[in-house]
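Here's the structure, in C-alpha cells; my notes come after.
In the numbering used here, the protein residues as written are 35 to 582.
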C-alpha cells in the first residue's frame, strides 16, 4: 500500500493493573510444520540465505545523535556490512544505527532490543525512542536500537531515482479517461527506468534477506549472542525472515501485524484494499458521531460523500492552488490507525469548512517526503526483487478495476505505488523462506479495533508457519469476561518483554488469546500527555502498553 513512513502524531495508550498469564508449555499442541521447512524454498543469488555468514563486522563507533535522540541520551553510528554476503570480503556499505542504553542495573539488563516499525524503504533510525512508550521497569532493562535499512536515510550509500516524484500537484490515482490511464502507466515506467539509470548496486542487493543478514551483523557488532526484536508490518516480515534464517539467535521477538509470505508483495497490496476501505467507513462513522466538533455530516454516508466530493474538486482545482487529489488520498490512508483520527478529522474540517490547508500540508509533509524519493526508491528496490510480479498490465488493471468497483478508496493508490515493479530492471530473486520446525517461540500481536493493514488471515497463516508462536488479538469478539484493562495485546507485550511470559498456545487455526477492542479516541476529552516523543507509525498494540 501507500507508504507507512511516519505517524502523524505521538501514539499514546494506557495500561491499568497487572495480571500474570501462564507461560507457554514446552509442547502446547503445536501444529505439524510445513514439510518443506516453511513457506518458500530458500534463496539464491546475492541473498545468501543459508544461515550464519563468516563476516565479522568491526565495532560501531558511537557518538551523540543529531536527529533529536541526543536529547534522550541517544548514540548514533554506522554498521559496516558487505554489499553482498556471498562475497563478504568485497565491497562494503554502511547501515545507520541508533541506541538508547538501558537504565536498569546490570543484574536486570536483558540485552539489545532492535526495532523496525516501518514499510519497506522507511527510516527507522529514530525508533530507538519507541521504548519510551513502555513502562520504565520494562523498557529500562533493554538497550533500544533503531536503524535505517541499507540504502535508506542516513545509511550509505542511498538510492534516489526522481526526487520530484511525490509533488503536491500529482494527478488523481483514479484514471478518468484512457489518456489519464496512459499517463499513470508512463509515470510508473518512467520511474522504473530512472532507477535503472542510476546503475546503483543497491538495486540487486536490497532484499529482505539482505537486511536480515544485516540484522545478524548488528548482533555481532553489539557483542550479543541473541537479539530481542520488535517488528511491525514490514518490520514484522523482516522478523519472520530473520527468525527463520537465524532461529538460535532470537531471544524474544514480537511480530506485530504479520505479513503472510504467500502474498509478498503483489497480493499483500491487493489484500489491503478491503480493510482500508472499511477503515475509511469507520473513520467516517466516528467523525459523524462528533459532528458538533468537526461539522462534516451526521452520518457515515454524509462524511464519506464529503471526502469523495472534495477529492473530485481537488482534481479540478488543487486546494490552495497547491494540493491535488493524490495528496488528499495519501493523507486519508493514515486512517488505518485510530490514533490519527482526531488530526485527520481536524484537517478535513479545516479544508472543507474554511479552506485552510496548513494542517493538511503539515500532516502530508510529516508522512510523505516531498524533497526526496529515497523512501519510495528503496521500497521498490526491496519489494520488486523480493518476489515475482506480474509482467503484463492486463493483470494489474483487471484486479484493480475489480476491487475499485467494490472498495474504491485505496485500490488505485495501492496499485500505482508498486506499479513500477511491472517493468523493474532487476529480476526478482526467490522469495525468502519463512517458518519451519526450528523457528523460535515468538509473540504475535494484532490490533483489530479497526481492520488492520495486515489481515487476521495473514496472522493465522504465519502462526501456522511458526509452530511455537502465540497470537494475541484485540477485536470485536473477545472473551466475555475480559476488559481492555485485563486483556490486551499491549499487556501481553509488557509481560513477555519483562519476563518471557506467553499465553498458552491453543489447538486449531485461531488466535490464542482474544481481547476486547481498544476504545476509539474521544475528541472531547482533554489531550493526553506523554514523555514519549513521536515515533514512526505502528499499530495500537504497542501503544496500549503505555503506562502513565
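Yeah, the Cβ is synthetic: ideal placement off N, Cα and C, and Gly gets one too.
Closest by CA to residue 389, which one among 399, 422, 252, 352?
Residue mapping note: residue 389 aligns to position 355 of the chain shown, counting from 1. Of the listed residues, the one whose Cα sits closest to residue 389 is 352.
4-residue-minimum alpha helix (DSSP H) runs that sit fully inside the region 375–407, ordered along the chain:
375–383, 392–401
Quick check on the DSSP output: the beta strand (DSSP E) that includes residue 507 runs from which residue to which?
Your numbering for residue 507 matches position 473 in the chain shown. First-last of the beta strand (DSSP E) with residue 507: 504–509.
Going along the chain, which residues of its own chain have a beta-carbon closer than 7 Å to the beta-carbon of residue 484, five neighbours each way excluded?
As a first step, residue 484 must be located in the chain shown, where it is residue number 450. Closer than 7 Å at Cβ, skipping near neighbours: 313, 316, 372.
When we look at the beta-carbon of residue 429 and count the other beta-carbons within 10 Å, is it buried (16 or more) or exposed?
On the chain shown, residue 429 is found 395 positions in, with the first residue counted as 1. Looking at its Cβ environment, which holds fewer than 16 other Cβ atoms inside 10 Å, residue 429 is exposed.
Comparing alpha-carbon positions, which option in 284, 258, 256, 257 lies nearest residue 265?
Reading the chain shown from its first residue, position 231 is the one you call residue 265. Ranking the options by Cα distance to residue 265, first place goes to 284.
Taking the alpha carbon of residue 463 as the point to measure from, which residue in 112, 242, 198, 193 has its own alpha carbon closest?
Sequence index remark: in the chain shown, residue 463 carries index 429 (1-based). Among 112, 242, 198, 193, the Cα nearest to that of residue 463 is on 242.
Does the Cβ of residue 464 lie closer than 6 Å to at least one heavy atom of the ligand GDP?
This structure does not include the ligand GDP; it has no bound ligands of any sort.
Rounding to the nearest angstrom, what Cα-Cα distance links residue 409 and residue 152 in this structure?
Numbered from its first residue, the chain shown carries residue 409 at position 375. Numbered from its first residue, the chain shown carries residue 152 at position 118. Cα to Cα, residue 409 sits roughly 10 Å from residue 152.
For a quick check, are the C-beta atoms of residue 145 and residue 258 less than 7 Å apart?
Counted from its first residue, the chain shown places residue 145 at position 111. Counted from its first residue, the chain shown places residue 258 at position 224. Pairing residue 145 with residue 258 gives a Cβ-Cβ distance under 7 Å.
With respect to the alpha helix (DSSP H) encompassing residue 279, which residues constitute its N-terminal and C-terminal limits?
The count along the chain shown starts at 1 and reaches residue 279 at position 245. Its alpha helix (DSSP H) spans residues 268–279.
Name the residue from 236, 222, 167 whose alpha carbon lies nearest to the alpha carbon of residue 125.
Locating residue 125 in the chain shown gives position 91, counting from the first residue. Nearest of 236, 222, 167 to residue 125, Cα basis: 236.
Whose CA, out of 106, 120, 107, lies closest to the CA of residue 85?
Within the chain shown, the letter at position 51 stands for residue 85. The residue with the shortest Cα to Cα distance from residue 85 is 120.
Measure the beta-carbon distance from residue 189 to residue 129 and round it to whole angstroms, keeping in mind my assumption that it falls under 8 Å.
Position 155 of the chain shown, counted from the first residue, corresponds to residue 189. Position 95 of the chain shown, counted from the first residue, corresponds to residue 129. Right, their Cβ atoms sit about 5 Å apart.
Closest by CA to residue 135, which one among 104, 150, 116, 157?
Translated into the one-based positions of the chain shown, residue 135 becomes position 101. Comparing Cα positions, the closest option is 104.
For the candidate residues 181, 382, 523, 556, whose alpha-carbon lies nearest to that of residue 269?
For this step, residue 269 is matched to residue 235 along the chain shown. It is 181.
Residue 138 in three-state terms, based on DSSP:
Taking the chain shown and counting its residues from 1, the one referred to as residue 138 is at position 104. Three-state result, residue 138: coil.
I believe residue 106 touches residue 163 by the beta-carbon criterion, under 8 Å. Please report the beta-carbon distance rounded to the nearest angstrom.
Within the chain shown, residue 106 is the residue found at index 72, counting from 1. Within the chain shown, residue 163 is the residue found at index 129, counting from 1. Sure, about 6 Å apart at Cβ, within 8 Å.
Enclosing beta strand (DSSP E) for residue 110 [first to last residue]:
Against the chain shown, residue 110 aligns to sequence position 76. 109–116 is the span of the beta strand (DSSP E), which, as asked, contains residue 110.
In whole angstroms, give me the CA-to-CA distance for residue 427 and residue 439.
In the chain shown, counting from the first residue as 1, residue 427 sits at position 393. In the chain shown, counting from the first residue as 1, residue 439 sits at position 405. Going by the C-alpha atoms only, they are around 18 Å apart.
Given residue 245, which residues of its chain have a CB within under 7 Å of its CB, disregarding the five upstream and five downstream residues?
Counted from its first residue, the chain shown places residue 245 at position 211. Within the same chain, and ignoring the five residues on either side of residue 245 in sequence, the residues whose Cβ sits closer than 7 Å to its Cβ are 183, 184, 272.
Short of 6 Å in beta carbon distance, which residues of its chain neighbour residue 96, apart from the five on each side in sequence? Order them along the chain.
What you label residue 96 is simply residue 62 of the chain shown in a count that begins at 1. Within the same chain, residue 96 has close Cβ partners 109, 111.
May I ask you to list the residues that DSSP assigns as paired with residue 129?
Within the chain shown, the letter at position 95 stands for residue 129. Answer is 113, bridged to residue 129.
Within 7 Å, strictly: CB atoms of residue 278 and residue 504:
In the chain shown, residue 278 corresponds to position 244, counting from 1. In the chain shown, residue 504 corresponds to position 470, counting from 1. Contact flag unset, no.
How is residue 193 classed by DSSP in three states: helix, strand or coil?
For the purposes of this step, residue 193 is taken as the residue at position 159 of the chain shown. In the structure shown, residue 193 sits in coil (DSSP, three-state: anything other than H, G, I, E or B).
Three-state secondary structure (DSSP) of residue 221
Residue mapping note: residue 221 aligns to position 187 of the chain shown, counting from 1. DSSP places residue 221 in helix when its eight states are reduced to three.
Name, in chain order, the residues that DSSP records as bridge partners for residue 235.
Here residue 235 corresponds to residue number 201 of the chain shown, with the count starting at 1. DSSP, once it has assigned bridges, lists no residue as partnering residue 235.
Compare the Cα-Cα distances from residue 156 to each of 488, 202, 402 and report the closest residue.
By 1-based counting over the chain shown, the position of residue 156 is 122. The option with the nearest alpha carbon to residue 156 is 402.
How many angstroms separate the CA atom of residue 324 from the CA atom of residue 340?
On the chain shown, position 290 is the one that residue 324 refers to. On the chain shown, position 306 is the one that residue 340 refers to. The straight-line gap from Cα to Cα measures roughly 15 Å.
Kindly indicate which three-state DSSP category residue 265 falls into: helix, strand or coil?
Translated into the one-based positions of the chain shown, residue 265 becomes position 231. Residue state, collapsed to three classes: strand.
For residue 215, I'd like the list of residues in its chain whose CB is within less than 7 Å of its CB, leaving aside the five on either flank, ordered along the chain.
Reading the chain shown from its first residue, position 181 is the one you call residue 215. So the qualifying residues of the chain are 209.
Mind checking which residues open and close the alpha helix (DSSP H) that includes residue 181?
Stepping through the chain shown from its first residue, residue 181 is reached at position 147. From DSSP, residue 181 is part of no alpha helix (DSSP H) but of the beta strand (DSSP E) over 177–181.
Pick out whichever of 116, 99, 398, 384 has its Cα sitting closest to the Cα of residue 248.
By one-based count along the chain shown, residue 248 stands at place 214. That would be 116, whose Cα lies nearest to the Cα of residue 248.
Run through the DSSP bridge pairs and tell me what residue 289 is partnered with.
Stepping through the chain shown from its first residue, residue 289 is reached at position 255. Looking at the DSSP assignment, residue 289 forms a beta bridge with 265, 478.
My guess is that residue 506 and residue 526 are in contact by the Cβ rule of under 8 Å, so how many angstroms apart are they, rounded?
For the purposes of this step, residue 506 is taken as the residue at position 472 of the chain shown. For the purposes of this step, residue 526 is taken as the residue at position 492 of the chain shown. Going by Cβ atoms, the distance from residue 506 to residue 526 rounds to 4 Å, so yes, they are a contact pair.
Is it buried or exposed for residue 443, if we count other Cβ within 10 angstroms and need 16 for buried?
Within the chain shown, the letter at position 409 stands for residue 443. With 16 or more Cβ atoms within 10 Å of its Cβ, residue 443 is classed as buried.
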